[in-house]
Every structure is written in structure tokens, then in C-alpha cells.
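Peer 1: Top to bottom, those sequences are chains A and B.
Under this note's numbering, the first residue of the first sequence is numbered 20, with each subsequent residue one higher.
Under this note's numbering, the first residue of the second sequence is numbered 71, with each subsequent residue one higher.
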Amino acid sequence: MAEEVKLFGAWGSPYSRRIELALKLKGLQFEYIEEDLYNKSPALLKYNPVHKKVPVLVHNGKPVAESLVILEYIDETWKHNPFLPTDPYEKAKARFWARFIDEKFWPAAKKAMASREREREEAIEEAQQHLKTLESELKEKKIFGRESLGFVDIAAHLLVWLVVAQEAFGVEILTEEKFPAVHELYRRLADEAVFKECMPPKEQLIAYLKEAIEETRPHLKALESGLKERKFVGGESLGFVELAANVIKFPTVHEWYQRFADDAVFKECAPPRSDSLPIIKLYLEPPASK
Amino acid sequence: MEDVKLLGAWPSSFSYRVIWVLKLKGVKYEYVEENLFNKSDLLLRYNPIYKKIPVLVHGGKPIAESIVILEYVEETWPQNPLLPKDPYERAVARFWTKFEEHTSPTFFSFFQSVGEEQERAVKEAKELLRIIEEQGLGEKKFFGGEEIGLADIAFGWIAGWLRTMEEAVGVKLMEDDRFPRLQAWIENFKAVPVIKENLPDHNEMLAYFKQRREMFIGSATS
Chain A
20 MAEEVKLFGA
30 WGSPYSRRIE
40 LALKLKGLQF
50 EYIEEDLYNK
60 SPALLKYNPV
70 HKKVPVLVHN
80 GKPVAESLVI
90 LEYIDETWKH
100 NPFLPTDPYE
110 KAKARFWARF
120 IDEKFWPAAK
130 KAMASRERER
140 EEAIEEAQQH
150 LKTLESELKE
160 KKIFGRESLG
170 FVDIAAHLLV
180 WLVVAQEAFG
190 VEILTEEKFP
200 AVHELYRRLA
210 DEAVFKECMP
220 PKEQLIAYLK
230 EAIEETRPHL
240 KALESGLKER
250 KFVGGESLGF
260 VELAANVIKF
270 PTVHEWYQRF
280 ADDAVFKECA
290 PPRSDSLPII
300 KLYLEPPASK
Chain B
71 MEDVKLLGAW
81 PSSFSYRVIW
91 VLKLKGVKYE
101 YVEENLFNKS
111 DLLLRYNPIY
121 KKIPVLVHGG
131 KPIAESIVIL
141 EYVEETWPQN
151 PLLPKDPYER
161 AVARFWTKFE
171 EHTSPTFFSF
181 FQSVGEEQER
191 AVKEAKELLR
201 IIEEQGLGEK
211 KFFGGEEIGL
221 ADIAFGWIAG
231 WLRTMEEAVG
241 VKLMEDDRFP
251 RLQAWIENFK
261 AVPVIKENLP
271 DHNEMLAYFK
281 QRREMFIGSA
291 TS
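(1) Against B/E141, what residues of chain A qualify as contacts under a CB-to-CB distance less than 8 angstroms, listed in chain order?
(2) Which residues in the same chain as B/L243 place their Cβ atom closer than 8 angstroms to its Cβ, once the five residues preceding and following it in sequence are excluded?
(3) According to a CB-to-CB cut-off of less than 7 angstroms, which residues of the region 69-96 of chain A neighbour chain B?
(4) Between the region 193-210 of chain A and the region 109-125 of chain A, do at least 3 Cβ pairs fall closer than 8 angstroms?
(5) Could you tell me the distance, in whole angstroms, from the CA atom of A/V88 to the CA atom of B/F279?
(6) Among the residues of its own chain, which have a CB less than 8 angstroms from the CB of B/K260, if the five just before and after it don't count?
(7) Chain A partners of B/F169, CB-CB under 9 angstroms?
(8) Out of B/K93, B/F84 and B/L113, which has the shortest C-alpha to C-alpha gap to B/V102?
(9) Can the beta-carbon of B/I123 be found closer than 8 angstroms to that of B/S85?
(10) Could you give the first and the last residue of the continuous alpha helix (DSSP H) run that contains A/F27?
(11) Cα separation between A/E255 and A/A187?
(12) Would you call B/I137 buried or exposed, if buried means 16 or more other Cβ atoms sit within 10 Å of its Cβ?
(13) Does A/Q147 pass the burial test, meaning 16 or more other C-beta atoms within 10 Å, or should it be called exposed?
(14) Pull out every residue of the region 127-157 of chain B whose Cβ sits closer than 7 angstroms to any Cβ of chain A, in chain order.
(15) Using a Cβ cut-off of 8 angstroms (strictly closer), state whether A/R165 contacts chain B.
(16) Applying the criterion that 16 or more other CB atoms from any shown protein chain within 10 Å of the CB defines a buried residue, is B/T234 buried or exposed?
(17) Can you list the residues of chain B that A/R206 reaches, using a CB-CB cut of under 8 angstroms?
(18) Should A/D106 go down as buried or exposed, given a rule of 16 or more other Cβ atoms within 10 Å for buried?
(19) Would you kindly report the start and end of the unbroken beta strand (DSSP E) that includes B/Y101?
(20) Heavy atom of the ligand HEM less than 7 angstroms from the Cβ of A/D94, yes or no?
(21) Take A/V171 and list the residues in its own chain whose beta-carbon comes closer than 6 angstroms to its own, dropping the five residues that flank it on each side.
(22) With a threshold of 8 angstroms between beta carbons, is A/R118 in contact with chain B?
(23) Measuring straight from C-alpha to C-alpha, what distance separates A/V190 and A/M132?
(24) Thinking C-alpha only, which one of B/T291, B/A238, B/E187 and B/T167 is nearest B/G226?
(25) Does the CB of A/P107 have a neighbour CB from chain B at under 8 angstroms?
(26) Using 8 angstroms as the Cβ pair cut-off and three pairs as the minimum, do the region 86-101 of chain A and the region 152-169 of chain B touch?
(27) Assuming contact is defined by CB atoms lying nearer than 8 angstroms, are A/L224 and A/Y205 in contact in what I supplied?
(28) Helix, strand or coil: how does DSSP classify B/G78 here?
(29) Can you tell me which residues form a DSSP beta bridge with A/K81?
(30) Residues in its own chain within less than 6 angstroms of A/A283 by CB, not counting five upstream and five downstream?
(31) Hey, does B/A161 have any beta-carbon neighbour from chain A nearer than 8 angstroms?
(32) Can you give the beta carbon distance from A/H176 to A/L40, rounded, assuming they're within the 8 angstroms contact cut?
(33) What does B/E165 reach in chain A if we use C-beta pairs closer than 9 angstroms?
(34) Could you check what DSSP says for B/I215 in three-state terms: helix, strand or coil?
(35) For B/E100, count the other beta carbons within 10 Å of its own beta carbon; 16 or more makes it buried, fewer makes it exposed. Which is it?
(36) Does A/L153 get closer than 8 angstroms to chain B when you measure Cβ to Cβ?
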């Protein structure tokens with residue numbers, strides 16, 4: 020039977036891209052299906068009913084979800100160019116570091132992007148603590164893998180996202196001066212030919228990340244024009260939390276709405292919350308669920 | 071034969087996971103009880119990043135993170151395997167093991183919070199138990215099939231700890247007859263000899279959990 024490999028992914032997702040990466044490192048043919056995360060396909064919902072998320076790998080009709088689980092599956096199914104070392108202790112270390120990146124480092128980095136002021140400063144500090152840990156683990160080694168890019172390096176691919184996000188949000192976490200070894204790994208990952216194929220062009224990614232913030236604008240524009248007759252413009256922060264929560268589920272919207280709500284012009288026109296809340300609620304009656 | 075040491079703590083289900091697997095595979099080990107309120111230099115040296123138990127030390131080399139430890143034990147002592155040979159079935163077992171990890175915050179919240187926050191946690195926890203029962207366990211006797219496997223070990227806390235947590239908090243998550251298959255799994259899991267002989271004493275656990283619960287209520291309402 021011919022081997023059939025499908026990957027359900029989203030081009031902006033680092034977890035999705037790391038699987039593309041893994042498949043390409045193994046030289047595997049696969050069919051890529053781009054998912055619209057606001058309009059998930061029946062196939063995705065069928066293959067990952069528990070989380071309804073990408074990436075999902077479907078091999079000869081059988082689905083595998085959770086990116087690190089998928090990486091292990093790929094490595095065990097196609098044994099050439101192994102990602103994981105054979106020695107059980109070295110393997111344990113690789114699993115440990117991949118989890119550290121996913122569960123400690125990345126959430127802190129995302130929080131730093133999404134939050135503001137004190138919260139942001141604290142998140143940046145936390146993310147940098149974790150980078151320090153990675154830095155001392157890397158030290159003189161150029162990459163985490165033995166001779167070639169391995170399991171942890173594939174997980175670390177999201178550093179490329181970090182650097183782009185830093186530019187998009189004006190946040191500094193990973194710098195060459197502070198973390199030379201990690202920075203060099205990032206460079207290696209960004210320059211690696213196979214990896215390059217798996218990265219959207221930088222400008223495209225920055226635009227995507229910024230759009231994630233901007234996406235609420237058309238909704239709010241509509242809201243604004245509709246409500247102008249009712250002499251309502253903007254509102255207090257809490258009103259916008261509900262708005263953001265109802266319309267989009269990006270954490271970066273939180274930051275966007277805060278800038279919006281803090282804007283002097285809006286503040287001048289804001290009625291007391293008790294007046295504005297019922298109006299917002301009326302306007303935001305959720306459409307029939309998709 | 072290199073020596074094996076396990077740094078653990080008696081109330082911790084994570085600690086018990088490793089005990090179960092070492093015993094299932096017949097691996098001799100030295101157990102070191104850690105006081106989590108006064109961590110030893112040894113623990114801080116062996117797990118400087120998380121400073122948590124369990125930590126397995128094999129021939130002087132430390133491994134932290136319970137699931138990472140379990141996979142290591144599985145590969146180093148392959149007898150009585152926890153994982154099937156087929157890569158796809160291994161992926162399914164690992165998926166559910168990861169799922170269990172992601173449920174932790176909800177169950178912590180159930181135990182640690184009060185009022186509205188707790189109500190939310192209770193609702194979410196029941197939904198998670200439903201998913202675990204229907205999609206994880208399904209019609210099988212164990213998550214691993216006919217025999218217990220990695221995912222069963224990962225969900226082991228439901229068999230040995232959940233009831234006690236419910237008692238300490240005074241709220242039932244697994245109301246009678248609402249989760250018949252999960253209930254049956256609990257009985258079957260606890261009947262496995264290694265598990266049966268290695269569960270914490272119920273009364274001691276209850277006293278400990280009640281104490282912790284008081285502490286959390288105290289800080290939540292102060």
C-alpha cells in the first residue's frame with residue numbers, strides 16, 4: 020500500500036511548522052492541508068476531536084495529535100536521520116529540554132508579548148531566566164542534537180517566531196549580547212535551508228502577527244458607526260474585555276483593546292459603564308454558532 | 071548493576087507513578103523521602119531547574135519530570151512493557167498521557183480555590199473526566215488495553231487520590247453512577263497487585279489534604 024501522509028496545519032503556527040520541518044528533515048512526501056482556525060474543517064474536527072487543534076498528522080488514515088507526540092511518532096516510524104539519540108539517558112535529556120521549551124519558556128515569551136507594563140516586565144524577566152537556563156545547557160555545543168539537528172532543535176525552531184514577534188511587538192527577550200549560544204542556534208535554525216522552506220517570509224509573519232491585533236478593528240468600526248446615533252463611543256475597559264472575548268480569542272487583542280480604551284479621545288466620550296454595557300451586550304448577541 | 075535511587079514524597083501521586091513502574095518491572099531501588107517544605111541539597115542538586123520530585127538517579131545520573139522518568143525506565147528495563155511496540159499505539163498512549171498533564175491546572179484549581187473560581191473548576195473538571203472516560207478509555211478495560219500501560223499510570227491519581235480530594239474539599243466530581251466506565255477502571259486499576267500494595271494510607275492522605283485545603287481557603291479568603 021502506498022504511504023499516505025497528511026499534515027493539517029496553520030502557516031502561522033510554530034507547532035504546525037515544526038512538524039513540516041520534521042517531515043522535510045526525513046525527506047518524506049506529504050500532503051499539506053492549511054486550516055482556517057476560525058473555520059475549522061470537518062476533517063480536522065474528526066481527526067482531533069479532543070483538542071480541535073493543529074497540527075495533526077494523518078498517516079494512512081490514522082491521526083496523531085500533539086506536536087511532541089507527533090515528532091516521536093515520526094522518529095519511530097521512519098528510522099533514518101533520527102531526531103532522538105539511542106542512549107536512553109540522552110533521550111531522556113532531549114525529552115526534558117523539549118518539554119522545558121514548550122512548557123516553561125514559550126508560555127513566558129507569549130505572555131511577554133501579550134501583556135503590558137509591570138506584567139510585561141515580569142514576563143520578560145521570566146522568559147529571560149529560561150533563556151539563561153537554555154544558554155548554560157547549550158554552552159559550547161552549537162546545537163542540542165549530536166551531529167545534526169535533533170529533537171530539541173526542532174522544538175527550538177520557535178525561537179525564529181520569537182525573534183519576529185519581538186520585532187512586531189517591540190519587545191526584547193532574546194539578544195545576541197545576553198544569550199550568544201541561543202542566539203547562534205536561532206541563526207542556524209533561521210538559515211538552515213530546510214527550515215527556510217518552513218518559515219513564512221518575515222514580512223508576512225509580522226503582518227500576520229500585527230493583523231491578529233488589528234483583526235478586531237473592522238468589528239469595532241462597525242460597532243462604532245452603529246452606535247454613533249446612540250451617542251456612545253468606546254467605553255470603559257471592562258466593556259471591551261467582553262467585546263474582545265466575544266469576537267476574537269487572541270491574547271494580543273487584550274493589549275490592543277487596552278491601547279484603544281486608554282486613548283484620550285475615547286475616554287472623553289465614554290459614558291458610565293452601567294449605560295454602555297447593555298448596549299454592547301445587545302449589539303454582541305452571538306450569531307448562530309458555526 | 072548500577073544503583074537506582076528515587077527521590078520522592080509520600081503524598082505525591084507523581085512520586086507513586088515511578089514507584090509503580092519500578093516495581094512492575096522488578097527494579098531494585100533506594101527510596102529517599104523528601105520533605106517538600108525543606109528540600110534537601112541532594113534534590114536541589116539533582117533537579118536545579120524545577121526543584122521538584124520525583125527524581126530518578128541511575129548510576130549517579132539524574133532524570134526529572136515524571137513522564138520523562140517513566141519513558142526512561144521503560145527503555146532501560148524493557149520487561150513488562152508499559153508501551154506497545156506499534157508506533158501508532160504508542161502515539162495514542164502518549165497523547166493521553168499528555169492530555170492528563172494538561173488537566174492538572176483544572177484539578178489544582180478545584181482543590182485550591184473557593185467560590186466562583188471553584189465552581190468553574192468543578193464544571194471544567196467534570197467535562198475533562200467525561201472526555202477521559204469516553205474518548206480515552208472508551209470500551210477498554212485499561213487505557214493500555216487488556217493490561218495497564220503508560221496512560222493508566224498517568225491517570226493513576228484518579229484511582230488513588232481523587233476520592234480523598236473530593237472528601238477534603240467537600241465536593242464530588244465523580245458523582246455515583248455518572249462515570250460507570252471510569253469507576254470500573256478505578257476498581258480494576260486498584261486490583262493490580264503492585265498498585266494495590268502501593269497506595270498511600272487513606273486516613274493519612276485525608277488528614278494531609280484537609281490541612282492543605284484549610285491553608286488554601288485561608289489564603290483565598292484573606
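Every residue, glycine too, gets a C-beta built ideally from N, C-alpha and C.
Peer 2: Concretely, from the data shown:
(1) Per Cβ cutoff of 8 angstroms: K110, A111 and R114.
(2) F180, V192, A195, K196, L199, L232 and E236
(3) V69, K81, V83, A84, E85, V88, E91, Y92, E95 and T96
(4) no
(5) Rounded to whole angstroms, A/V88 to B/F279 spans 33 angstroms at the Cα level.
(6) A229, G230, K266 and L269
(7) Under the 9 angstroms cutoff, chain A gives V69, H70 and E85.
(8) The closest CA to that of B/V102, considering only B/K93, B/F84 and B/L113, is found on B/L113.
(9) It is a contact, given that the beta carbons lie within the stated cut-off.
(10) Secondary structure note for A/F27: it is in no alpha helix (DSSP H), and the uninterrupted beta strand (DSSP E) holding it is V24 to G28.
(11) Residue placement at A/E255 is poorly supported in this model, since its pLDDT is 36, which falls under 50; the coordinates still yield a value, given next. Straight-line Cα distance between these residues: approximately 27 angstroms.
(12) buried
(13) buried
(14) Cβ contacts with chain A: K131, I133, A134, E135, V138, E141, Y142, E145, T146 and P157.
(15) no
(16) buried
(17) By Cβ distance, chain B contributes nothing, its closest Cβ being about 25 angstroms from A/R206, past 8 angstroms.
(18) exposed
(19) For B/Y101, the enclosing beta strand (DSSP E) covers residues E100 to E103.
(20) The ligand HEM is absent from the structure shown, which contains no ligands of any kind.
(21) The beta carbon of A/V171 sits closer than 6 angstroms to those of A113, W116, A117 and F163, all from its chain and outside the five residues before and after it, given in chain order.
(22) yes
(23) 7 angstroms
(24) B/T167
(25) yes
(26) Counting Cβ pairs under 8 angstroms, three or more are found: they touch.
(27) no
(28) strand
(29) A/H78, per the DSSP bridge assignment.
(30) Note that A/A283 has pLDDT 48, beneath the 50 cutoff, so the model's placement of it is unreliable and the number below is only indicative. Correct list: empty, nothing qualifies.
(31) yes
(32) The pair is a contact, with the Cβ atoms about 6 angstroms apart (cut-off 8 angstroms).
(33) Sequence check: residue 165 of chain B is Phe here, not Glu. Under the 9 angstroms cutoff, chain A gives V69, V83, A84, E85 and V88.
(34) Checking the sequence shown, residue 215 of chain B turns out to be Gly, not Ile. Looking at B/G215 - three-state DSSP - the assignment turns out to be strand.
(35) exposed
(36) no
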